[in-house]
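Chemist:
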Amino acid sequence: MIKKNSEYLINRKDNQYEVVIGLEVHAQVLSESKLFSTSATKFGAEPNTQVSLVDAAFPGMLPVINEFCIKQAIKTGIGLNAKINKRSVFDRKNYFYADLPQGYQISQFKDPIVGEGKVILDMPDGQKEVGIERLHLEQDAGKSIHDLDPQNTFVDLNRSGVALMEIVSKPDLRSPDEVSSYIKKLRSIMRYLGTCDGNMQEGSLRADVNVSVRIKGSKELGTRCEIKNVNSIKFMQMAIEYEANRQVDLIEEGNSIDQETRLFDTKKNETRSMRSKEDAHDYRYFPDPDLLPLEVSDEFINKLKSDIPELPDDKKKRFIDEFKLSPYEANILVSDIDTAKYFEEVVAKMGKNKDIKLAVNWITGELFAVLNSRNIEISQSPISAKNLAILINLIKNGTISGKIAKTVFELMMDGNKDPQKIVEEKGLKQQSDPKALEALIDKIINDNREKAVEYKQGKEKLFGFFVGQAMKASGGKANPQLINEILKKKL
Amino acid sequence: MSDITKQSLIELVENIKNKKLSSMDVTKAFIERSEKSKELNAYITEDFTSALDKAKKFDQKPNLDLKLPGIPMAVKDLFCTKDIKTTAGSKILNNFVPTYESTVTENIWKEGAILLGKLNCDEFAMGSSNETSFFGNVQNPIDKDLVPGGSSGGSASAVSGQLTPITIGTDTGGSIRQPASFTGTVGLKPTYGSCSRYGIVAFASSLDQAGPMAQNVKDCALLQEVISTYDSKDSTSIDFKRNQYSKELTNNIKGKKIGIPKEYRVDGMPKEIEDLWQKGIQYVKDCGAETIDISLPHTSYALPTYYIVAPAEASSNLARYDGVKYGFRAKGENLIDMYEKTRSEGFGAEVQRRIMIGTYVLSSGYYDAYYLKAQKVRKLIKNDFDEAYKKVDAILTPSTPSSAFKLGEKTNDPVSMYLNDIFTVPVNLAGLPGISIPAGHDAKGYPLGLQIIGKAFDEQNILNIAYAMEQKINFKNKITDWWIK
Numbered sequence: 101m102i103k104k105n106s107e108y109l110i111n112r113k114d115n116q117y118e119v120v121i122g123l124e125v126h127a128q129v130l131s132e133s134k135l136f137s138t139s140a141t142k143f144g145a146e147p148n149t150q151v152s153l154v155d156a157a158f159p160g161m162l163p164v165i166n167e168f169c170i171k172q173a174i175k176t177g178i179g180l181n182a183k184i185n186k187r188s189v190f191d192r193k194n195y196f197y198a199d200l201p202q203g204y205q206i207s208q209f210k211d212p213i214v215g216e217g218k219v220i221l222d223m224p225d226g227q228k229e230v231g232i233e234r235l236h237l238e239q240d241a242g243k244s245i246h247d248l249d250p251q252n253t254f255v256d257l258n259r260s261g262v263a264l265m266e267i268v269s270k271p272d273l274r275s276p277d278e279v280s281s282y283i284k285k286l287r288s289i290m291r292y293l294g295t296c297d298g299n300m301q302e303g304s305l306r307a308d309v310n311v312s313v314r315i316k317g318s319k320e321l322g323t324r325c326e327i328k329n330v331n332s333i334k335f336m337q338m339a340i341e342y343e344a345n346r347q348v349d350l351i352e353e354g355n356s357i358d359q360e361t362r363l364f365d366t367k368k369n370e371t372r373s374m375r376s377k378e379d380a381h382d383y384r385y386f387p388d389p390d391l392l393p394l395e396v397s398d399e400f401i402n403k404l405k406s407d408i409p410e411l412p413d414d415k416k417k418r419f420i421d422e423f424k425l426s427p428y429e430a431n432i433l434v435s436d437i438d439t440a441k442y443f444e445e446v447v448a449k450m451g452k453n454k455d456i457k458l459a460v461n462w463i464t465g466e467l468f469a470v471l472n473s474r475n476i477e478i479s480q481s482p483i484s485a486k487n488l489a490i491l492i493n494l495i496k497n498g499t500i501s502g503k504i505a506k507t508v509f510e511l512m513m514d515g516n517k518d519p520q521k522i523v524e525e526k527g528l529k530q531q532s533d534p535k536a537l538e539a540l541i542d543k544i545i546n547d548n549r550e551k552a553v554e555y556k557q558g559k560e561k562l563f564g565f566f567v568g569q570a571m572k573a574s575g576g577k578a579n580p581q582l583i584n585e586i587l588k589k590k591l
Numbered sequence: 014m015s016d017i018t019k020q021s022l023i024e025l026v027e028n029i030k031n032k033k034l035s036s037m038d039v040t041k042a043f044i045e046r047s048e049k050s051k052e053l054n055a056y057i058t059e060d061f062t063s064a065l066d067k068a069k070k071f072d073q074k075p076n077l078d079l080k081l082p083g084i085p086m087a088v089k090d091l092f093c094t095k096d097i098k099t100t101a102g103s104k105i106l107n108n109f110v111p112t113y114e115s116t117v118t119e120n121i122w123k124e125g126a127i128l129l130g131k132l133n134c135d136e137f138a139m140g141s142s143n144e145t146s147f148f149g150n151v152q153n154p155i156d157k158d159l160v161p162g163g164s165s166g167g168s169a170s171a172v173s174g175q176l177t178p179i180t181i182g183t184d185t186g187g188s189i190r191q192p193a194s195f196t197g198t199v200g201l202k203p204t205y206g207s208c209s210r211y212g213i214v215a216f217a218s219s220l221d222q223a224g225p226m227a228q229n230v231k232d233c234a235l236l237q238e239v240i241s242t243y244d245s246k247d248s249t250s251i252d253f254k255r256n257q258y259s260k261e262l263t264n265n266i267k268g269k270k271i272g273i274p275k276e277y278r279v280d281g282m283p284k285e286i287e288d289l290w291q292k293g294i295q296y297v298k299d300c301g302a303e304t305i306d307i308s309l310p311h312t313s314y315a316l317p318t319y320y321i322v323a324p325a326e327a328s329s330n331l332a333r334y335d336g337v338k339y340g341f342r343a344k345g346e347n348l349i350d351m352y353e354k355t356r357s358e359g360f361g362a363e364v365q366r367r368i369m370i371g372t373y374v375l376s377s378g379y380y381d382a383y384y385l386k387a388q389k390v391r392k393l394i395k396n397d398f399d400e401a402y403k404k405v406d407a408i409l410t411p412s413t414p415s416s417a418f419k420l421g422e423k424t425n426d427p428v429s430m431y432l433n434d435i436f437t438v439p440v441n442l443a444g445l446p447g448i449s450i451p452a453g454h455d456a457k458g459y460p461l462g463l464q465i466i467g468k469a470f471d472e473q474n475i476l477n478i479a480y481a482m483e484q485k486i487n488f489k490n491k492i493t494d495w496w497i498k
C-alpha cells in the first residue's frame with residue numbers, strides 16, 4: 101500500500117541529491133482560554149487585553165493546567181494514530197526575551213503527552229506514510245513589536261501562555277510537494293477534531309523546517325539546518341527549495357554544512373543564518389516544580405477516543421464504498437471538513453432517489469468555481485447545501501435540463517434562493533408533456549418538409565438540426581430526451 | 014492593661030471576645046511598641062495608619078466568631094499583599110505593589126486579623142541571618158548585634174520582641190525553624206502542600222512552604238488552622254483533611270514513639286547542643302513517650318542536595334525579574350544590556366551567587382551530574398524518613414547546630430552560613446512538617462531550639478508533642494528590651 105512517490109531530486113554534474121525534510125509544526129490549540137491561565141485567546145484583540153497575572157509572570161503567580169487543552173492534545177494524538185502517554189511532564193525551557201515574561205517557557209521535553217504515530221499522505225502516484233515522532237504541549241510567547249517606534253520595542257502579551265501543540269515529524273518527507281501534502285493533512289485532521297483551526301494567516305499553524313541533503317541512495321542523514329517559524333505552505337516550499345540547493349552547492353564546492361538555525365526571508369526568497377550550533381541556547385530544561393507530572397487514566401483516554409468523529413481517512417474510505425466515488429473525488433471532498441459536511445448535507449437533503457455523481461460534479465464543478473472566483477470558503481457558500489440538493493433533484497427528476505440548471509444556479513446565488521421557486525417564477529420548467537411536444541414537432545416537420553425527406557433518404561446528420569429547432573421553439577425548455585424519442589418516431 | 018504585647022495570641026483573642034480589650038487597644042499597643050522598636054529593623058513597610066482604621070472598623074461591628082478577631086499582625090514581606098508594597102527584601106522589587114493577595118494572607122484577613130506591616134527578610138528568602146536583605150539587617154531582640162536567623166528574620170524578631178503577637182514566615186530550607194530557634198520562639202514548617210504558595214514570591218517552588226511563627230505552641234496551632242487550606246490556584250496544594258489544630262491540641266503523648274536519628278550527631282557540634290538534645294529526650298520520656306534510636310543514613314547528603322535543588326529552581330524562578338514588566342529597571346543600551354544592568358544592580362550578592370549556582374547545575378553537560386543526581390538523592394532522603402516512620406511517630410532533633418551568631422560573623426563564609434540549615438533542610442527535601450520550639454539557653458543565655466519532625470500531614474501530632482514538651486520545658490525568653498531607650 102505504501103508506494104514510493106515520484107522522486108524529487110537535485111541534479112548536479114555527476115551527482116543526484118535527495119532532500120530529507122522533517123517538520124516541527126506548531127499548532128495553536130483551539131481553546132477559549134490559555135494553557136495555564138483563564139485569559140481569553142481571541143485573535144486580533146487590542147494589545148495586552150487578554151493577559152492575566154499568570155501570563156505576565158507576576159511574583160507568586162502559579163500555572164494551573166487547563167484540562168480542556170490536555171483533552172485537545174490527546175484527541176490530536178488519537179487523530180495521528182499515536183501513542184498517548186499516560187504520564188507526561190511539563191518542563192521549563194529557560195531563556196531571556198522581552199516577550200517571555202516568566203523567563204522560561206513551560207513545555208514538555210523528555211516526557212511528551214503524545215508519542216509516536218503516523219499520518220498517510222495521498223500523493224498523485226500513491227500513498228505515503230509519514231512518521232510522527234511526538235506531540236507535546238507548550239506555551240506560546242508574547243509578541244515583540246519593533247516597528248512602532250524608532251527607539252523602543254513594544255510587547256503584546258495577548259499570545260503569552262496560549263497553548264500550542266508541537267507536532268514533530270520523523271525525517272520522512274522528501275519533497276516540497278510532500279511537505280505541502282503533510283501540512284494539509286495535519287490541518288485536515290485537526291480541523292476534523294476541532295483541536296486547531298489551522299488558520300495559517302493568523303499564525304495558528306506554523307512550522308520549523310529541518311532540511312538536509314544526501315547523495316541519492318545514501319543511508320546516512322546529512323547535516324541539517326533548521327529554518328525557523330515559516331508560516332505558509334508556499335513559503336515552506338520556497339524555503340526548502342532554496343535551502344536544499346544551497347546545501348547541495350556547498351557540498352559540490354567541497355564544503356561541509358554547518359548545523360545551524362536559519363531564517364527564511366520571504367522578500368528575497370532566501371534563507372539566512374540566524375545562529376550557529378555553538379551559539380545555540382542552553383535552555384536548561386528541568387521539570388517545572390510548580391506543576392506535578394500530568395497523569396491521565398485509561399478511562400480518560402477511552403472517553404476521548406469514543407468522542408473522536410470520523411476522520412478524513414475513514415470518511416474517504418466510506419465515500420468510496422458507500423457512494424462509489426473515485427479515490428480522487430473522495431479526496432477532494434474529505435480533505436476539508438467543511439466541504440465534507442456540505443457534501444454530506446447535500447446527499448442527505450437529496451432524499452431517496454439521489455444522484456451522487458451529479459452532486460459531486462456540481463460541488464466540485466460549479467460550486468468550487470464560484471467559491472474560487474469569490475475567494476471564499478465553502479462555509480460561506482452563497483448557496484446552501486439544501487438548495488443545491490433541490491437543484492440536483494430538479495435535474496434528476498427531469499423538471500429542468502442540465503443547461504437550464506446552470507441558469508437557475510446563477511440566479512440562486514443572489515440571496516440563496518430556492519431553485520424550485522426560481523423555476524416556477526421564471527417558467528423554466530422543462531416541457532415534458534408528450535402531446536405538446538408532438539404538436540411542436542409536427543409543426544417543425546411541416547415547416548421543413550424538404551429536410552425531413554432528405555433525412556429519410558439517409559442524411560442522418562439532419563437529426564441534430566431537428567432537435568435544435570425543437571429546443572429553439574420551446575425556448576430551451578423542452579425535455580431533450582423526449583424530443584429525441586418523438587423525432588425518431590415521427591421522422 | 015499595660016502589658017498587652019506580652020499576651021499570647023490565645024489570651025488576646027479571649028480578651029477581645031470577652032470585650033476586656035478592643036481591637037483598637039491591641040492594635041495601638043503593638044503599633045506603639047513597633048514604633049519604639051525601629052532599631053530592630055524588623056519592618057520593611059509599616060501600615061499602621063490603615064491598621065488603626067481597620068481596628069476602628071472592627072470594633073464598630075465586631076465579629077467575635079472569627080478565629081483572629083481584630084488581631085493585628087505583621088507578615089513576612091514575601092507574601093503579596095494587595096495595594097501594599099511587597100519587596101521580598103530585594104531592590105529589584107523595591108517599588109512593587111501587588112494588585113492581588115496571597116491565599117495565606119487572604120485566609121488570615123478572612124478570620125478577622127489586621128495587617129500591621131511587612132516584615133524584613135533575607136532577599137528572596139535566601140539567607141540564614143537576615144543579612145542579605147536590601148533593607149538592612151535585623152537585630153535579634155535577645156541581644157544587640159546578634160542575628161535573628163533567616164530568612165524569616167524580621168518575622169522572628171518581631172514575634173520575639175513582641176512587635177506582633179504572631180506572624181507568618183516561609184521555610185524553604187529552615188527559614189522558619191532556624192530563626193524561631195535563634196529568637197526563642199515557636200515556628201512550624203507545615204507539610205509541603207498544606208499551605209498554598211499562591212501569591213508568595215517564589216524562591217524554590219518544590220521546597221517553599223508558608224508557616225506560622227508564635228510565642229507558644231497553642232498560638233502556632235491556631236494560626237496553622239487558619240492558614241492551611243486547599244487552593245486550586247496552586248497545583249501542588251493538597252486536598253487532605255485538615256485538623257482543627259488548636260482545638261484538638263493535647264499534651265497527652267503517652268505511648269508515642271519518638272525517633273532519635275544518630276546521623277544528627279554531627280562533627281563539631283557544640284556540647285551544649287548535644288546536652289539540649291539529651292534534655293529533650295528526657296522531656297518526651299517524662300511525658301510518657303518512648304524514644305527509639307533510628308538511622309536516617311542519607312542525612313549527610315541533604316545539605317549538598319539542597320544547595321543544588323534550591324538554587325536550580327531559584328535561578329529559573331527569578332528569571333522573571335528582568336526590568337521589563339515591573340520592579341526596578343536600570344537603563345541599558347539595548348535589551349541585553351538592560352537585563353544585565355537591571356539584574357546586576359537589582360539583586361544582591363547572595364541572590365546572584367545562587368542564580369549562578371543554579372544556572373550552572375542545570376546547564377547541559379552538568380545537569381545529569383548535579384541536578385538529576387540531586388533529585389535521586391532527594392528521593393533517598395525521603396525514603397529514609399519513610400523507613401523511619403514505620404517504627405516511630407515523630408523524630409526529635411536539635412533545630413540548629415548552634416545558637417544565634419553575631420552580625421557579620423559568617424557573611425564572608427557562605428559554607429559556614431549554609432551549615433546552619435543542616436538539621437532543617439532534610440525536612441524540606443522530604444516535604445515533611447517540622448516544628449522548632451525553644452528548649453533552653455546556651456552559656457551566653459541565647460535560646461536554643463529543638464525540632465520535632467512529623468509524618469506528612471501529621472501536623473497535629475508534632476504540635477501535640479511540642480505542646481507537651483513546652484509544658485515540661487517551661488522556657489522563659491530573656492528579653493531585656495535593650496533596644497528601647
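Read top to bottom, the protein sequences are chains A and B. For what it's worth, our numbering labels the leading residue of the first sequence as 101, then goes sequentially. For what it's worth, our numbering labels the leading residue of the second sequence as 14, then goes sequentially. Cβ coordinates follow ideal geometry from the N, Cα and C atoms, glycine included.
Distance, Cα to Cα, A/Leu394 vs A/Ser188?
Modeler: Numbered from 1 along the first sequence, position 294 holds the residue referred to as residue 394 of chain A. Numbered from 1 along the first sequence, position 88 holds the residue referred to as residue 188 of chain A. Taking the straight line from one Cα to the other gives about 5 Å.
Chemist: In chain B, which residues lie less than 7 Å from A/Gly242 when you measure between Cβ atoms?
Modeler: Here residue 242 of chain A corresponds to residue number 142 of the first sequence, with the count starting at 1. Near A/Gly242 there are no residues of chain B at all, since even the closest Cβ is about 10 Å away, more than 7 Å.
Chemist: Quick one, which residues of the stretch 184-215 of chain A are near chain B if we go by CB-CB under 7 Å, in chain order?
Modeler: Arg192, Asn194, Phe196, Ala198, Pro201, Gln202, Gly203, Tyr204
Chemist: Can you list, in chain order, the residues of its chain with a C-beta nearer than 8 Å to that of A/Ile478? Leave out the 5 residues immediately preceding and following it.
Modeler: Position 378 of the first sequence holds residue 478 of chain A. Cβ within range, chain order: Asp436, Asp438, Thr439, Tyr442, Leu467, Leu471.
Chemist: Using the beta-carbon count (16 or more within 10 Å), is A/Tyr428 buried or exposed?
Modeler: In the first sequence, the residue the question calls residue 428 of chain A occupies position 328. Burial check for A/Tyr428: the Cβ neighbour count within 10 Å stays below 16, so the residue is exposed.
Chemist: Among the residues of its own chain, which have a CB less than 8 Å from the CB of B/Gln388, if the five just before and after it don't count?
Modeler: Mapped onto the second sequence, residue 388 of chain B falls at position 375. For B/Gln388, the CB contacts under 8 Å within the same chain, skipping 5 residues up- and downstream, are Val322 in chain order.
Chemist: Give a yes or no on whether the C-beta atoms belonging to B/Glu52 and B/Thr424 are separated by under 9 Å.
Modeler: As a working mapping, residue 52 of chain B is identified with position 39 in the second sequence. As a working mapping, residue 424 of chain B is identified with position 411 in the second sequence. No; because the gap between Cβ atoms is not below 9 Å, this pair is not in contact.
Chemist: If we define contact as Cβ-Cβ less than 9 Å, is B/Val151 a contact residue for chain A?
Modeler: Here residue 151 of chain B corresponds to residue number 138 of the second sequence, with the count starting at 1. No - not a single Cβ of chain A is within 9 Å of the one on B/Val151.
Chemist: Do B/Asp184 and B/Asn441 count as a contact pair if the criterion is CB distance below 9 Å?
Modeler: As a first step, residue 441 of chain B must be located in the second sequence, where it is residue number 428. As a first step, residue 184 of chain B must be located in the second sequence, where it is residue number 171. Against a cut-off of 9 Å, the Cβ pair of B/Asp184 and B/Asn441 comes out as a contact.
Chemist: Please report the distance separating the alpha-carbon of A/Val119 from that of A/Ala339.
Modeler: On the first sequence, residue 119 of chain A is found 19 positions in, with the first residue counted as 1. On the first sequence, residue 339 of chain A is found 239 positions in, with the first residue counted as 1. A/Val119 and A/Ala339 have their C-alpha atoms roughly 12 Å apart.
Chemist: Where does A/Lys183 fall in DSSP's three states?
Modeler: In the first sequence, counting from the first residue as 1, residue 183 of chain A sits at position 83. Correct three-state label for A/Lys183: coil.
Chemist: Given that B/Phe341 touches chain A, what residues does it touch there, using C-beta distances under 7 Å?
Modeler: What you label residue 341 of chain B is simply residue 328 of the second sequence in a count that begins at 1. Within chain A, no residue comes near B/Phe341; the closest Cβ sits about 13 Å away, beyond 7 Å.
Chemist: Consult DSSP for A/Asp308 and reduce its assignment to one of helix, strand or coil.
Modeler: Numbered from its first residue, the first sequence carries residue 308 of chain A at position 208. Reduced to three states, the DSSP call for A/Asp308 is strand.
Chemist: For a contact defined as C-beta to C-beta under 9 Å, what are the partners of B/Cys134 on chain A?
Modeler: In the second sequence, counting from the first residue as 1, residue 134 of chain B sits at position 121. Per Cβ cutoff of 9 Å: no residues; B/Cys134 is ~14 Å from chain A at best.
Chemist: Flag B/Lys338 as yes if its beta-carbon sits less than 9 Å from any beta-carbon of chain A, otherwise no.
Modeler: The residue given as residue 338 of chain B occupies position 325 in the second sequence. Taking 9 Å as the CB threshold, B/Lys338 lines the interface with chain A.
Chemist: Nearest-angstrom Cα distance between B/Val428 and B/Met139?
Modeler: Taking the second sequence and counting its residues from 1, the one referred to as residue 428 of chain B is at position 415. Taking the second sequence and counting its residues from 1, the one referred to as residue 139 of chain B is at position 126. So the alpha carbons of these two residues sit roughly 13 Å apart.
Chemist: Looking only at its chain, what residues have a beta carbon closer than 6 Å to the beta carbon of B/Gly167, apart from the 5 residues adjacent to it on each side?
Modeler: In the second sequence, the residue the question calls residue 167 of chain B occupies position 154. These residues qualify, in order along the chain: Ala55, Leu132, Asn133, Cys134, Val151.
Chemist: How about A/Leu305 and A/Asn299: are their beta carbons less than 9 Å apart?
Modeler: The sequence position of residue 305 of chain A within the first sequence is 205, counting from 1. The sequence position of residue 299 of chain A within the first sequence is 199, counting from 1. In this structure, A/Asn299 lies closer than 9 Å to A/Leu305 by Cβ.
Chemist: Kindly confirm or deny that the stretch 121-141 of chain A and the stretch 277-296 of chain A touch, where touching means at least three C-beta pairs closer than 8 Å.
Modeler: yes
Chemist: Since A/Lys529 and A/Thr499 should fall inside the 8 Å C-beta cutoff, what is the C-beta to C-beta distance between them, to a whole number of angstroms?
Modeler: Locating residue 529 of chain A in the first sequence gives position 429, counting from the first residue. Locating residue 499 of chain A in the first sequence gives position 399, counting from the first residue. Contact holds; Cβ gap of about 6 Å.
Chemist: Using 10 angstroms around the beta-carbon of A/Arg362, count the other beta-carbons present and answer buried if the total reaches 16, otherwise exposed.
Modeler: Along the first sequence, one-based indexing puts residue 362 of chain A at 262. That one is buried.
Chemist: Using 9 Å as the threshold, is the C-beta distance between B/Thr304 and B/Leu159 below it?
Modeler: Numbered from 1 along the second sequence, position 291 holds the residue referred to as residue 304 of chain B. Numbered from 1 along the second sequence, position 146 holds the residue referred to as residue 159 of chain B. No, the pair does not count as a contact, with Cβ atoms beyond the cut-off.
Chemist: From B/Pro283 to B/Ile465, what does the alpha carbon distance come to, in whole angstroms?
Modeler: By 1-based counting over the second sequence, the position of residue 283 of chain B is 270. By 1-based counting over the second sequence, the position of residue 465 of chain B is 452. So the alpha carbons of these two residues sit roughly 20 Å apart.
Chemist: Does the separation of the CB atoms of B/Ser207 and B/Phe470 fall below 9 Å?
Modeler: Residue numbering aside, residue 207 of chain B sits at position 194 when the second sequence is read from its first letter. Residue numbering aside, residue 470 of chain B sits at position 457 when the second sequence is read from its first letter. Yes, Cβ-Cβ distance for B/Ser207 and B/Phe470 is below 9 Å.
Chemist: So, is the C-beta of A/Pro427 closer than 9 Å to a C-beta in chain B?
Modeler: Here residue 427 of chain A corresponds to residue number 327 of the first sequence, with the count starting at 1. No - not a single Cβ of chain B is within 9 Å of the one on A/Pro427.
Chemist: Assuming A/Arg314 and A/Tyr117 make a contact with CB atoms under 8 Å, what is their CB distance in whole Å?
Modeler: As a working note, residue 314 of chain A is residue 214 in the first sequence. As a working note, residue 117 of chain A is residue 17 in the first sequence. Between A/Tyr117 and A/Arg314 the Cβ distance is about 7 Å, and since that is below 8 Å, they are a contact.
Chemist: Could one say the Cβ of B/Ser328 lies closer than 9 Å to chain A's Cβ atoms, at least one of them?
Modeler: The residue given as residue 328 of chain B occupies position 315 in the second sequence. Cβ-Cβ to chain A under 9 Å: yes for B/Ser328.
Chemist: For A/Ile170, would you say it is in contact with chain B, using Cβ-to-Cβ distances shorter than 9 Å as the test?
Modeler: Counted from its first residue, the first sequence places residue 170 of chain A at position 70. No - not a single Cβ of chain B is within 9 Å of the one on A/Ile170.
Chemist: For A/Ile267, list the residues DSSP reports as bridge partners.
Modeler: For the purposes of this step, residue 267 of chain A is identified with residue 167 of the first sequence, where counting begins at 1. In the DSSP output, where bridge partners are listed per residue, A/Ile267 has A/Val125, A/Leu235.
Chemist: Considering only DSSP beta bridges, list what A/Arg259 is partnered with.
Modeler: Within the first sequence, residue 259 of chain A is the residue found at index 159, counting from 1. Per DSSP, none; premise fails for A/Arg259.
Chemist: According to the Cβ coordinates, are B/Ser188 and B/Ser173 closer than 9 Å?
Modeler: Within the second sequence, residue 188 of chain B is the residue found at index 175, counting from 1. Within the second sequence, residue 173 of chain B is the residue found at index 160, counting from 1. Cβ distance not < 9 Å, so B/Ser188 and B/Ser173 don't count as in contact.
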